[in-house]
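So the structure is just underneath, and the comments pick up after that.
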């Protein structure tokens, strides 16, 4: 396929072939303003729409996604490179999240009675208006779903600024919403570059902003939202620890760590990026890890036999290679991999690094690729210190057979989520979010629907009993 001259940054470049697949025109300022006004107008009626109607539409979205999971999955793989089976799983997960909120939103948003000695008091939940959703490329359908499902069921309307390299996934989601019967203006996609976000977030018709992305992008959005007194939620980077306890099943722990890290070619905020192992088991674990990584197959993400897909772009692959090289230059030991295969596509070889110390960049920065950084500890206090020695606090894992001990260690990890004997995972009913520089706010679970609603107190009493 011959590459055409580019006029827009909103385009699909297949990371397996590095070929341009499709390009979209940028939504100009006038079109953006019209869309936001349309969303605001749609809010006045959508907020009053019965839950039964909202539920029917959102269930239909879920149904359409399941019916077309192969089509949607292939599109995600073409746009950002992940394994096809991972893309299809993502579509199925997204459908489950839509169903979850369609089933439970009315229950979650029912009036909550408060105990008071006089009269009556309760909390009622009102939608707040147009929500701006800013989402990344690594899970092009799931990222949309996490914000769209609860907010649409709550009665808000939405405009989406998706990542510039997954425009077809963005457009397809809007098309699915329309096909499912969502009223015009309730959910709209904007093809705009990242440089336009500040102006968009400042628009007075935008009442809240939710972002998943990098730490700098999150800090900027939080600043803009704060300036204009708007609610925001942020899900930013992560450097998740994976603590293997002395009593763990070492084969299972290594398998979980390696495959967890290779998920989405390592491009996951909650990927186990720092493997923290007991010093007494270090050589055994490292040997098992090398043997397992050596068997992984890089290749066409559409091929079911492929284990590791390309990264999302040449730029992403170059950045990861630069991080690996810098770590080695600063004194880290390259145990396995570290380069790029002699093939087309944005690939990085699965890599293992050890002997990383606090004075190295790799100790504190997030490596968004198929790279395992292995640390050792002598005592559990050492392991917990290593786990918390990061500015991030998204997820984490503790692996061991003594569940009581594993829970005690998990309580000491400063993060939004800790999984025992499993990499940080995803389920509709479980809250997702972090602390420290990983952001604030929660998505999924009942917590996800309360982020952008007005929790309004209504109090009933008589004048003589007012206090």
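Residue numbers (this note's numbering): 1 to 467.
Cβ atoms here follow ideal geometry from the backbone N, Cα and C, with glycine treated the same way.
Residue span of the beta strand (DSSP E) that contains residue i, given as start and end
i: residue 423; result: Where residue 423 is concerned, there is no enclosing beta strand (DSSP E), given that its DSSP letter is neither H nor E.
i: residue 300; result: Taken as a continuous stretch (DSSP letters only), residue 300 belongs to no beta strand (DSSP E), as it is neither H nor E.
i: residue 187; result: 187-190
i: residue 442; result: That residue, residue 442, is in no beta strand (DSSP E); it is neither H nor E in DSSP.
i: residue 205; result: Neither: residue 205 is in no beta strand (DSSP E) and is coded neither H nor E.
i: residue 449; result: Residue 449 -> no beta strand (DSSP E), and no H or E assigned at all.
i: residue 354; result: 351-354
i: residue 335; result: 333-336
Any C-beta of chain D under 8 Å from that of residue i
i: residue 83; result: Here chain D cannot be found, since the structure has a single protein chain.
Residue i versus the options, residue with shortest Cα-Cα distance
i: residue 301; options: 294, 310, 295 and 293; result: 310
i: residue 446; options: 432, 438, 437 and 454; result: 432
i: residue 456; options: 19, 206, 37 and 114; result: 114
i: residue 291; options: 136, 278 and 336; result: 336
i: residue 328; options: 305, 357 and 346; result: 357
i: residue 10; options: 192, 39, 252 and 41; result: 192
i: residue 66; options: 42, 45 and 92; result: 92
i: residue 414; options: 379, 430, 252 and 388; result: 388
i: residue 259; options: 32, 12, 281 and 425; result: 425
i: residue 472; options: 236, 172, 203 and 149; result: A question about residue 472 goes unanswered here, because the residues of the chain that appear run from 1 up to 467.
i: residue 376; options: 440, 280 and 315; result: 280
i: residue 188; options: 218, 223, 199 and 152; result: 152
i: residue 442; options: 235, 37 and 144; result: 235
i: residue 341; options: 165, 16 and 123; result: 16
6 Å Cβ shell around residue i - same chain, five flanking residues per side excluded
i: residue 210; result: 133, 147 and 233
i: residue 333; result: 354 and 355
i: residue 459; result: 121
i: residue 398; result: 243, 406, 409, 410 and 420
i: residue 2; result: Here the model assigns residue 2 a pLDDT of 38, short of 50, so the residue's position is not dependable, and the following value carries that caveat. Excluding sequence neighbours, residue 2 sits near nothing in its chain.
i: residue 374; result: 275 and 354
i: residue 95; result: 62, 65 and 66
i: residue 299; result: 306
i: residue 253; result: 244 and 399
i: residue 248; result: 399 and 400
i: residue 131; result: 151, 156, 158, 208 and 452
i: residue 417; result: 395 and 424
Range covered by the alpha helix (DSSP H) that runs through residue i
i: residue 325; result: 314-329
i: residue 10; result: Segment: none, residue 10 is in no alpha helix (DSSP H) and carries neither H nor E.
i: residue 158; result: Counting along the chain, residue 158 falls outside any alpha helix (DSSP H), though it belongs to the beta strand (DSSP E) covering 157-161.
i: residue 256; result: 250-262
i: residue 542; result: Absent from the structure is residue 542, since the part of the chain shown begins at 1 and ends at 467.
i: residue 171; result: 167-180
i: residue 386; result: 380-388
Assigned secondary structure, residue i (DSSP; H/G/I helix, E/B strand, else coil)
i: residue 43; result: helix
i: residue 371; result: strand
i: residue 274; result: strand
i: residue 99; result: helix
i: residue 85; result: helix
i: residue 241; result: strand
i: residue 2; result: Bear in mind that a pLDDT of 38 at residue 2, under 50, signals an unreliable position, so the model cannot answer this.
i: residue 246; result: coil
i: residue 132; result: strand
i: residue 223; result: helix
i: residue 357; result: coil
i: residue 146; result: helix
i: residue 51; result: helix
i: residue 399; result: strand
i: residue 214; result: coil
i: residue 18; result: coil
i: residue 460; result: strand
i: residue 75; result: helix
i: residue 418; result: coil
i: residue 268; result: coil
i: residue 348; result: coil
i: residue 363; result: helix
i: residue 429; result: coil
Beta-carbon proximity list for residue i, same chain, < 7 Å, skipping 5 on both sides
i: residue 57; result: 180, 181 and 182
i: residue 370; result: 261, 262, 265, 266, 308, 348, 350 and 351
i: residue 238; result: 269, 270, 366, 392, 394, 395, 434 and 438
i: residue 163; result: 135, 136 and 137
i: residue 70; result: 88
i: residue 304; result: 85
i: residue 511; result: For residue 511 there is no data in the structure shown, the boundaries of the chain being 1 and 467.
Residues near residue i by beta carbon distance below 8 Å, same chain, minus five either side
i: residue 361; result: 323, 326, 327 and 330
i: residue 128; result: 156, 207, 208, 231, 452, 453 and 454
i: residue 50; result: none
i: residue 24; result: 8, 10, 11, 167, 171 and 191
Cross-strand partners of residue i (DSSP beta bridge)
i: residue 455; result: 125
i: residue 393; result: 435
i: residue 118; result: Per DSSP, none; premise fails for residue 118.
i: residue 93; result: Note: residue 93 sits in no beta bridge, so no partner.
i: residue 234; result: 211 and 440
i: residue 468; result: Within the shown structure, residues of the chain are numbered from 1 to 467, placing residue 468 beyond reach of any answer.
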